[in-house]
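What follows is a short report on a single structure.
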Amino acid sequence: MKKWTIIALLALVVVILALRGIPFLINVYLNQNADSIVSNMITRTSGFENHHVSFGNIKLDYNYAGTYLDIEDIKIKPTQDLRSDQASFDLLLSHAKITGFKWKNFLFNNTIAIDSANLENLQIKSVTPPIDSLNLESRTEKRERKDYDMIAANQIILHNFNLENKDLYSDSIRLNIENLSVNVENFQFTKEDLADPNALFGVKNIHGQITEVALHFDEFRQTVAIKGLSFDTEDQGLAIEDFSVINKFEKFPYTQSFKLRKPWLQLKEGKMDITGMNFEAFLKRGIIEIDSLKISQIHLEVFNNKKIPEDMERRPAMVHEIFQTINVPMAIRNTILKNGYLRIEEQPEKSTPRTAHLFFSNLNAEISELSNLENGQESNELSLKADALLMGKGKINLDLNYALDDSLGNFHLRGTLGPMALKEVNTMIEPEAKISLKAGMINRLDFNIYANDYDGYGEVIVRYDDLEIELLNEDYQKDKNILRKIGSFLASKVIIKSQNPKKNGELRKGPVYAKRVKHKSMFYYWWQLVLSGLKSTVTGEELEELKAKEVQKS
Numbered sequence: 001m002k003k004w005t006i007i008a009l010l011a012l013v014v015v016i017l018a019l020r021g022i023p024f025l026i027n028v029y030l031n032q033n034a035d036s037i038v039s040n041m042i043t044r045t046s047g048f049e050n051h052h053v054s055f056g057n058i059k060l061d062y063n064y065a066g067t068y069l070d071i072e073d074i075k076i077k078p079t080q081d082l083r084s085d086q087a088s089f090d091l092l093l094s095h096a097k098i099t100g101f102k103w104k105n106f107l108f109n110n111t112i113a114i115d116s117a118n119l120e121n122l123q124i125k126s127v128t129p130p131i132d133s134l135n136l137e138s139r140t141e142k143r144e145r146k147d148y149d150m151i152a153a154n155q156i157i158l159h160n161f162n163l164e165n166k167d168l169y170s171d172s173i174r175l176n177i178e179n180l181s182v183n184v185e186n187f188q189f190t191k192e193d194l195a196d197p198n199a200l201f202g203v204k205n206i207h208g209q210i211t212e213v214a215l216h217f218d219e220f221r222q223t224v225a226i227k228g229l230s231f232d233t234e235d236q237g238l239a240i241e242d243f244s245v246i247n248k249f250e251k252f253p254y255t256q257s258f259k260l261r262k263p264w265l266q267l268k269e270g271k272m273d274i275t276g277m278n279f280e281a282f283l284k285r286g287i288i289e290i291d292s293l294k295i296s297q298i299h300l301e302v303f304n305n306k307k308i309p310e311d312m313e314r315r316p317a318m319v320h321e322i323f324q325t326i327n328v329p330m331a332i333r334n335t336i337l338k339n340g341y342l343r344i345e346e347q348p349e350k351s352t353p354r355t356a357h358l359f360f361s362n363l364n365a366e367i368s369e370l371s372n373l374e375n376g377q378e379s380n381e382l383s384l385k386a387d388a389l390l391m392g393k394g395k396i397n398l399d400l401n402y403a404l405d406d407s408l409g410n411f412h413l414r415g416t417l418g419p420m421a422l423k424e425v426n427t428m429i430e431p432e433a434k435i436s437l438k439a440g441m442i443n444r445l446d447f448n449i450y451a452n453d454y455d456g457y458g459e460v461i462v463r464y465d466d467l468e469i470e471l472l473n474e475d476y477q478k479d480k481n482i483l484r485k486i487g488s489f490l491a492s493k494v495i496i497k498s499q500n501p502k503k504n505g506e507l508r509k510g511p512v513y514a515k516r517v518k519h520k521s522m523f524y525y526w527w528q529l530v531l532s533g534l535k536s537t538v539t540g541e542e543l544e545e546l547k548a549k550e551v552q553k554s
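Using UniProt numbering, the first residue of the sequence shown is number 1, and each one after it goes up by one.
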């Protein structure tokens with residue numbers, strides 16, 4: 001009996017020693033070969049082929065629950081074998097702590113599974129071709145795919161991630177990300193995500209912030225700059241403290257750098273708040289689904305140089321066409337614009353000592369659901385309500401309804417302009433038309449217009465008093481020439497009706513008719529329609545006369 005007891009005790013000791021010894025021996029092996037093991041785990045993937053990995057201090061501690069890795073100064077650099085068309089990465093990670101690495105999953109399931117990863121100070125400098133020229137699925141030379149089936153972590157904490165991405169062909173900076181910090185729970189990145197161009201990865205929760213992002217576009221002439229971005233899946237929110245679109249060129253150098261007319265624009269000081277964002281739909285399926293998008297304090301300037309020839313082949317999309325061409329599935333249920341500012345400036349075709357401009361301040365707008373998703377509704381209509389101050393004076397109210405699923409692009413445009421002195425718009429009228437509005441008051445302007453992609457009709461009612469115009473000379477100054485004075489008098493007293501309604505109470509309603517100029521923008525089309533009603537109000541033209549003029553133009 002004692003003999004068997006001793007044998008059992010010896011066997012138990014052997015088992016205990018084996019259980020203790022196996023991890024010890026594994027740890028000895030792992031730490032002796034840590035550099036090559038971890039390096040191979042990284043460079044075996046297709047994204048890092050032809051790159052070399054080096055480490056500072058590295059420690060691996062194996063136990064039956066998993067392996068703990070503590071790595072300092074991870075560096076990844078391209079080798080001389082890097083192909084000329086291949087993306088290159090220069091990476092430095094100052095410290096990584098990884099717990100619960102599962103060797104079974106790695107060896108038998110082609111999977112990296114860990115409990116947690118804590119990454120400090122990750123800096124990446126990359127040089128890549130344009131995104132649309134990358135061939136992620138295949139190459140002429142067939143290579144065996146070495147990517148993992150899945151990478152999974154219960155928790156990832158990343159602190160101070162910085163990225164600089166340059167264009168392979170021009171060596172210009174395309175993208176900058178400064179100080180991204182993020183906390184992720186239940187992270188999963190699968191081979192299906194890698195194959196799906198719409199998918200990123202899956203998470204249970206993710207929250208973080210970015211100090212600054214800069215994206216350069218338009219052949220690096222312009223920059224989208226974002227500051228103070230934060231996001232959180234638990235409250236389904238995303239916020240941006242400041243976003244801008246900065247043109248690196250001044251107005252005239254930019255517009256003169258193109259053979260055909262292209263507008264200069266700049267956007268500053270915008271703030272954005274998104275609530276009710278479906279992060280899961282976005283991360284796994286590439287669907288943008290938002291309850292509310294609020295943009296405030298946006299300051300937008302647009303400049304057109306009319307001395308540059310127009311592109312007569314250009315066909316700007318109307319609202320319904322824009323939605324038909326958007327490839328990203330999206331549903332934004334409510335869009336709100338608060339306290340915006342819009343300045344429109346033009347260099348007239350004829351030489352002038354100054355440009356023409358007008359502006360809208362205190363700009364507010366609300367847009368109904370914007371969606372290109374299949375939602376089962378019989379109709380999909382965009383509804384926009386907006387108000388602003390024209391030149392900081394006249395209150396404008398605008399209602400717009402667009403049938404997004406109508407091939408003809410039918411829409412209804414209606415609105416009002418409140419009281420303002422006509423001379424307030426001389427900054428636009430004088431340089432464009434060599435006419436100065438010396439006096440006059442708009443008491444109220446109403447417009448009600450129905451239109452489509454081809455033409456539009458409706459009615460404008462403008463109530464004004466004491467309209468008086470003055471012709472300007474070539475230097476855009478008041479002309480003392482007696483003939484011009486006579487012309488100005490005749491224009492204001494004969495061609496232009498001095499007031500509406502007349503003294504006898506008769507109110508003139510101006511019919512609207514205009515054909516869309518195909519190479520002009522939809523905003524120009526809206527103005528073209530309203531302007532036709534303004535002209536017919538003061539000239540007395542009837543609808544049939546307006547139509548006849550449009551036929552002559554075409």
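Ideal Cβ positions, reconstructed from N, Cα and C, are used throughout, including at glycine.
Contact check for Met318 against Leu370 fails: the beta carbons are separated by 8 angstroms or more. Rounded to whole angstroms, the separation of the alpha carbons of Pro129 and Asp242 is 29 angstroms.
Taking C-alpha positions only, Leu175 is separated from Glu269 by approximately 20 angstroms. Arg354 and Pro431 have their alpha carbons spaced roughly 7 angstroms apart. For the options Asn372, Ile71, Leu92 and Ile58, the alpha carbon positioned closest to that of His52 is the one of Leu92. Here the alpha carbons of Ser54 and Lys75 stand approximately 5 angstroms from one another. Each residue's CA atom was taken as its position, placing Ile322 and Asp115 some 45 angstroms apart. According to the DSSP assignment, Glu545 belongs to the alpha helix (DSSP H) that extends over Leu543 to Lys553. In the DSSP assignment, Ser54 is bridged to Lys75. Non-local C-beta neighbours of Arg444 in its own chain, meaning closer than 6 angstroms and more than five positions away in sequence, comprise Arg463, ordered along the chain. Secondary structure note for Pro253: its alpha helix (DSSP H) is the uninterrupted segment Lys251 to Thr255. Residue burial is scored here from C-beta neighbours: Trp264 has at least 16 other C-beta atoms within 10 angstroms and is therefore classed as buried. In this structure, the beta-carbon distance from Asn304 to Gln256 does not fall below 8 angstroms.
Taking C-alpha positions only, Ala421 is separated from Thr427 by approximately 13 angstroms.
A distance below 8 angstroms separates the beta carbons of Leu546 and Tyr513.
The straight-line gap separating the alpha-carbon atoms of Lys503 and Ser536 is approximately 19 angstroms.
For Glu120, the closest C-alpha among the options Ile396, Lys423 and Asn183 is that of Asn183. In the three-state scheme derived from DSSP, where H, G and I count as helix and E and B as strand, Ser126 is classed as strand. Sequence-distant partners of Glu424 (beyond 5 residues in either direction) whose C-beta falls short of 6 angstroms from its own C-beta, in its chain, are Met391 and Lys393. A direct Cα-Cα distance of roughly 26 angstroms separates Leu293 from Glu185. A contact is defined here as three or more CB-CB pairs under 8 angstroms, and the stretch 103 to 117 meets this definition with respect to the stretch 154 to 162. Taking C-beta atoms as the reference points, Asn364 and Ala386 count as a pair closer than 8 angstroms. The DSSP-derived three-state label of Lys104 is helix.
Secondary structure within the stretch 291 to 333: the alpha helix (DSSP H) runs of 4 or more consecutive residues, fully enclosed, are 319 to 325 (chain order). DSSP places Phe217 in the strand class (E or B) of the three-state scheme. Per DSSP, Lys284 is not a residue of any beta strand (DSSP E); the alpha helix (DSSP H) it occupies stretches across Phe279 to Arg285.
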